[in-house]
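Chemist: Residue numbers (my numbering): 35 to 527.
All residues carry an ideal CB built from backbone N, CA and C; glycine is no exception.
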């Protein structure tokens, strides 16, 4: 079976309220995908954004992003008055998210909705709190304390709270704490809408591909509540942190800063922390794309406090044992392995042993610094997912403008690209026509956008802000895309 999909972050959907949401514009996009002959909608992580507004640096691996809650849907359910949000200036640029304004204004609106939800849905709230207590209690307490300590990272809190001493936490938990209830109720609202949206997508024959970041943020409820699962010292500081080594793309490497997993402890308890996390992701997505798959074979460890990644070293990960134990517990896993970057024989063997499809990124195929990568379409196998680019790359037209001239000329020759058709259409057609079982293109590429449509530039700030215009996913584009799917036999069965 051959199929296709579109990578489109929820936050990039159009809406009059500053950011894309789980509401009508998301349902409209699902309708567009169906009309365009698509099978998959790939979204980025939907957890709360932390430092740099990145969905890959979240306060929780489980919670949903409050900004994505649709306000019109809340009003339709009687949880908001129109006057509470329609007269607010959510941003002056309809194609760029203003996160500062969202932070300053969104939670005041959501507090009104939460008060009404307590009155209208007391039984549903109680059930949700009970069913999700394993992560929800820690998350709500974490966010309450973060607010209490002026937004500081938990490692900067007083020691009694950093170390979760009972007496300190009891002073917060045992009192009737409206802040804790608020954070729990916000999650109820989010997951109520998320469940409805996924059901709508599946009814239309669209499956959701969700991203599972390999690492979690150091400033998160996950690390604060389960420090034994991470490589921390007696003061709860990381002993080493995550990143990637220097290479032809970066002389200093990349310093991500995430705490590393204590794989020895995880192995001893049967990877319970990870199994619970993946089990949860299986509930909310149809397919999971695991970011930084190579970290399961070996991971790069950088001394804590270093300002570059130059002094890091590779350490062994859990290997195939992790996936065997996980499948024993959860059954067969429907996973896409993000196997990009420098791949050793051991990483390739792990991918083969797992049986998961890896990724092929067409923009990488023409990089003169990275030969023999296997990203040229004639090297693809059926069991792979082909992309023109990912959320971390330039758009196709942005790449054509910024890549070395010799790389661009090689792409034009190899793919027989023409300006008349549009370079972006030629590159997209090349992956639709490949043997890859699934081909996914970014929405900015379908729209023929240049650098202005780029979603993220790694190791920089000011990302995750691109948004569609309301008429971007229209019937004409859907019909054009449908004809391509029919031509390349990628229509849903």
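Rounded to whole angstroms, what's the CA-CA distance from residue 65 to residue 401? Just pull it up for me.
Modeler: About 36 Å.
Chemist: Just curious, the beta strand (DSSP E) that residue 246 is in, first and last residue?
Modeler: Segment 241–246, the beta strand (DSSP E) holding residue 246.
Chemist: To which residues of the same chain is residue 260 closer than 7 Å at the C-beta, ignoring the five residues directly before and after it?
Modeler: The residues are 307.
Chemist: Rounded to a whole number of angstroms, what is the C-alpha to C-alpha distance between residue 461 and residue 525?
Modeler: Cα-Cα distance, rounded: 19 Å.
Chemist: So, is residue 188 buried or exposed, given that buried needs 16 or more other C-beta atoms within 10 angstroms?
Modeler: Buried: at least 16 other Cβ atoms inside 10 Å.
Chemist: Tell me where the beta strand (DSSP E) around residue 130 begins and ends.
Modeler: Careful: residue 130 lies outside any beta strand (DSSP E) and carries neither H nor E.
Chemist: Would you list, in sequence order, the uninterrupted alpha helix (DSSP H) runs of no fewer than 4 residues that lie entirely inside the segment 248–328?
Modeler: Segments of the alpha helix (DSSP H) lying fully in the segment 248–328: 255–259, 297–302 and 306–318.
Chemist: Based on Cα-Cα distance, which residue from 73, 333, 37 and 78 lies nearest to residue 265?
Modeler: Residue 333 is the option with its Cα nearest to residue 265.
Chemist: Under DSSP, the beta strand (DSSP E) around residue 472 begins and ends at which residues?
Modeler: 472–476 is the extent of the beta strand (DSSP E) around residue 472.
Chemist: Determine, using beta carbons only, whether residue 486 and residue 433 come nearer to each other than 7 Å.
Modeler: Not closer than 7 Å, so no.
Chemist: Could you tell me if residue 142 is buried or exposed, where buried requires 16 or more neighbouring beta carbons within 10 angstroms of its beta carbon?
Modeler: By the 10 Å Cβ count, residue 142 comes out exposed.
Chemist: In the segment 359–430, which residue ranges form an unbroken alpha helix (DSSP H) of at least 4 residues, counting only runs that do not cross its ends?
Modeler: Segments of the alpha helix (DSSP H) lying fully in the segment 359–430: 379–388.
Chemist: So what does residue 39 bridge to, in DSSP terms?
Modeler: Per DSSP, 74 and 474.
Chemist: Whose CA, out of 490, 407, 36 and 57, lies closest to the CA of residue 226?
Modeler: Of 490, 407, 36 and 57, the residue nearest in Cα terms is 57.
Chemist: Run through the DSSP bridge pairs and tell me what residue 348 is partnered with.
Modeler: Answer is 334, bridged to residue 348.
Chemist: Which of helix, strand or coil does DSSP assign to residue 493?
Modeler: The answer is coil: DSSP assigns residue 493 none of H, G, I, E or B.
Chemist: Got a sec, what are the start and stop residues for the alpha helix (DSSP H) residue 220 sits in?
Modeler: Taken as a continuous stretch (DSSP letters only), the alpha helix (DSSP H) holding residue 220 covers 212–237.
Chemist: In this structure, does DSSP put residue 83 in helix, strand or coil?
Modeler: Residue 83 falls in the strand class under three-state DSSP.
Chemist: Any idea what DSSP makes of residue 169, helix, strand or coil?
Modeler: Three-state result, residue 169: helix.
Chemist: What does DSSP give as the partner residue(s) for residue 500 in the beta ladder?
Modeler: DSSP lists 130 as partners of residue 500.
Chemist: Which value, in whole angstroms, describes the spacing of the CA atoms of residue 219 and residue 476?
Modeler: Each residue's Cα considered, the two are about 33 Å apart.
Chemist: Should residue 82 and residue 97 be called a contact, given that it needs their Cβ atoms to be closer than 7 Å?
Modeler: Yes, they are a contact pair.
Chemist: Excluding the 5 residues preceding and the 5 following residue 114 in the sequence, name in chain order all residues of the same chain whose CB lies nearer than 8 Å to its CB.
Modeler: Answer for residue 114: 105, 108, 143, 146, 147 and 150, listed in chain order.
Chemist: With C-beta atoms as the reference, is residue 458 less than 7 Å away from residue 495?
Modeler: Against a cut-off of 7 Å, the Cβ pair of residue 495 and residue 458 comes out as no contact.
Chemist: With respect to the alpha helix (DSSP H) encompassing residue 460, which residues constitute its N-terminal and C-terminal limits?
Modeler: Note, residue 460: alpha helix (DSSP H), 457–466.
Chemist: Which partner residues does residue 92 have in the DSSP bridge list?
Modeler: Paired residues: 83.
Chemist: Can you round the beta-carbon distance between residue 70 and residue 515 to whole angstroms, since I take them to be within the 8 Å contact cut?
Modeler: Their Cβ separation, rounded to whole angstroms, is 4 Å, which keeps residue 70 and residue 515 in contact under 8 Å.
Chemist: Would you kindly work out how many angstroms separate the C-alpha atoms of residue 349 and residue 74, rounded to a whole number?
Modeler: So the alpha carbons of these two residues sit roughly 35 Å apart.
Chemist: Taking 7 Å as the cut-off, decide whether the C-beta atoms of residue 498 and residue 245 are in contact.
Modeler: No.
Chemist: Based on Cα-Cα distance, which residue from 299, 43 and 435 lies nearest to residue 483?
Modeler: Of the listed residues, the one whose Cα sits closest to residue 483 is 435.
Chemist: If the criterion is Cβ atoms closer than 7 Å, does the pair residue 293 and residue 329 meet it?
Modeler: Against a cut-off of 7 Å, the Cβ pair of residue 329 and residue 293 comes out as no contact.
Chemist: Pick helix, strand or coil for residue 524, following the three-state DSSP scheme.
Modeler: Residue 524 falls in the coil class under three-state DSSP.
Chemist: If you check the beta carbons only, do residue 44 and residue 102 fall under 7 Å apart?
Modeler: Going by C-beta atoms, residue 44 is nearer than 7 Å to residue 102.
Chemist: Is the distance from the Cβ of residue 274 to the Cβ of residue 338 below 7 Å?
Modeler: In contact: residue 274 and residue 338 (Cβ atoms closer than 7 Å).
Chemist: Quick check for students: name the residue ranges of the alpha helix (DSSP H) that lie wholly in the segment 173–197, counting only runs of 4 or more.
Modeler: Qualifying alpha helix (DSSP H) stretches, in chain order: 193–196.
Chemist: To which residues of the same chain is residue 411 closer than 6 Å at the C-beta, ignoring the five residues directly before and after it?
Modeler: Excluding sequence neighbours, residue 411 sits near 464 and 468.
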